[in-house]
Amino acid sequence: MPAPNRRVSSPQRGPARVLTRPGRPRTPAAPSGPHPLELAGLLHELSALLLSADGFTPALERLTEFTVGAVPGTLRCSVALIGEGAPVSQAGHGAAGEAVDALQYAQGTLGPGLEAARTRTLVTAPDLATDQRWPELAEAARAEGVGAVAAVPLDLPRAEVGALSLYFDEPGAPGPDRLLTAMALANQAEVLLDELRRRESLSAGATVDHAIGVIIAQRGCGVREAHDVLRDTAQRLGLDRQAVADRLVTAAARNA
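All residue numbers for the sequence shown refer to full-length UniProt numbering, where the first residue is 1 and numbers rise by one.
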């Protein structure tokens with residue numbers, strides 16, 4: 001299914017023709033989905049919010065809060081991203097549906113969000129409380145008053161997959177308008193979150209380089225030995241290399 005903010009066209013010879021019955025006037029088709037100007041405004045606002053966030057996790061929090069306000073009838077929006085060898089990056093906004101998210105992302109119970117991340121397809125549940133695909137989630141859905149759910153896959157080029165899940169207040173299909181808006185926001189979020197990951201990676205690399213310089217200055221050693229010192233220190237403290245580098249740079253700046 002093409003992304004809602006992309007246009008797919010095919011070559012045609014001459015103007016397109018609309019076939020109608022003789023003697024019957026043609027009526028224009030009813031518009032489907034949000035108005036293009038409204039959708040463009042939402043995407044612009046989302047871009048400004050995420051790119052100005054102070055870090056990746058705050059950006060996820062902004063994404064979920066913005067989506068709740070942008071898609072009518074949404075009780076809760078949650079986002080989860082899964083990368084190789086890393087814990088799930090997750091955020092959510094809205095109380096109803098929080099227990100459903102906890103079952104999926106904390107306990108690993110299969111549900112719409114994990115299914116969308118696994119299959120990389122849009123997953124909908126018109127009535128989660130009675131959906132036979134995920135009976136483990138039914139009780140939590142009933143207790144929290146969650147009706148329908150739509151989970152839009154997220155695929156970040158930097159080795160992360162996940163989903164943007166929307167919990168609605170009433171059972172029934174979310175409808176094309178709300179699905180189109182949710183998919184457009186998810187597609188835009190993929191690009192923005194990947195850019196934030198790129199910035200985060202550059203920043204982390206710069207901090208490690210700075211820490212290596214501090215070790216060299218303090219010990220009078222070479223670059224290879226400084227990397228070994230940083231690695232061994234991280235293993236001894238049970239921290240990752242980035243965390244140790246951050247502490248070392250902060251301490252060096254304070255002493256200076």
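Glycine is no exception: its CB is placed at the ideal position from the N, C-alpha and C atoms. All of these numbers come straight from a predicted model, not from anything done at the bench.
By the DSSP assignment, the alpha helix (DSSP H) with residue i in it spans what residues?
| i | result |
| --- | --- |
| G112 | Before going further, note that residue 112 is Pro rather than Gly in the sequence given. Counting along the chain, the alpha helix (DSSP H) containing P112 begins and ends at P112 to T119. |
| E225 | V223 to L237 |
| S47 | P36 to L51 |
| G153 | Here residue 153 is Pro; the residue named in the question, Gly, does not match the sequence. Taken as a continuous stretch (DSSP letters only), P153 belongs to no alpha helix (DSSP H), being part of the beta strand (DSSP E) at V149 to L156. |
| A86 | Where A86 is concerned, there is no enclosing alpha helix (DSSP H), given that its DSSP letter is neither H nor E. |
| V161 | Careful: V161 lies outside any alpha helix (DSSP H), inside the beta strand (DSSP E) at E160 to F168. |
| T67 | F56 to A70 |
| V100 | E98 to D101 |
| T109 | Where T109 is concerned, there is no enclosing alpha helix (DSSP H), given that its DSSP letter is neither H nor E. |
| V146 | Note, V146: premise wrong, no alpha helix (DSSP H); not H, not E. |
| A252 | R241 to N255 |
Quick check: what's the CA-CA separation for residue i versus residue j?
| i | j | result |
| --- | --- | --- |
| G55 | V249 | 19 Å |
| Q90 | S78 | 7 Å |
| G69 | A59 | 16 Å |
| L39 | F168 | 20 Å |
| I82 | D155 | 10 Å |
| R178 | A116 | 17 Å |
| P28 | G97 | With a pLDDT of only 45 at P28, under the threshold of 50, the placement of this residue in the model should not be trusted; the figure read from the coordinates follows. Taking the straight line joining both Cα atoms gives about 40 Å. |
| G222 | V244 | 19 Å |
| M183 | V152 | 6 Å |
| T207 | D131 | 48 Å |
| R76 | A217 | 51 Å |
| G50 | L122 | Sequence check: residue 50 is Leu here, not Gly. The alpha-carbon atoms of L50 and L122 are separated by roughly 23 Å. |
| A251 | I215 | 12 Å |
| G205 | R199 | 10 Å |
| A80 | D228 | 34 Å |
| L166 | D240 | 34 Å |
Give the DSSP-derived three-state secondary structure of residue i in the structure shown.
| i | result |
| --- | --- |
| L122 | coil |
| P135 | helix |
| residue 270 | Outside the shown range of the chain (1 to 256) lies residue 270, about which nothing can therefore be said. |
| V79 | strand |
| T74 | strand |
| L192 | helix |
| D127 | coil |
| A173 | coil |
| G205 | helix |
| G213 | helix |
If I'm right that residue i touches residue j with Cβ under 8 Å, what's the distance once you round it to whole angstroms?
| i | j | result |
| --- | --- | --- |
| A173 | V149 | Actually they do not touch by this definition, with Cβ atoms about 11 Å apart. |
| T181 | P34 | 5 Å |
| D127 | G108 | Rounded, the Cβ-Cβ distance is 23 Å, inconsistent with contact. |
| L43 | Q188 | 5 Å |
Below 8 Å, how does it come out for the segment 232-246 and the segment 184-199: are there three or more Cβ pairs, yes or no? no
Inspect the CB distances between the segment 132-141 and the segment 153-165 and report whether three or more fall short of 8 Å. no
Inter-stretch contact at 8 Å, needing at least 3 Cβ pairs: the segment 136-155 / the segment 88-106: yes
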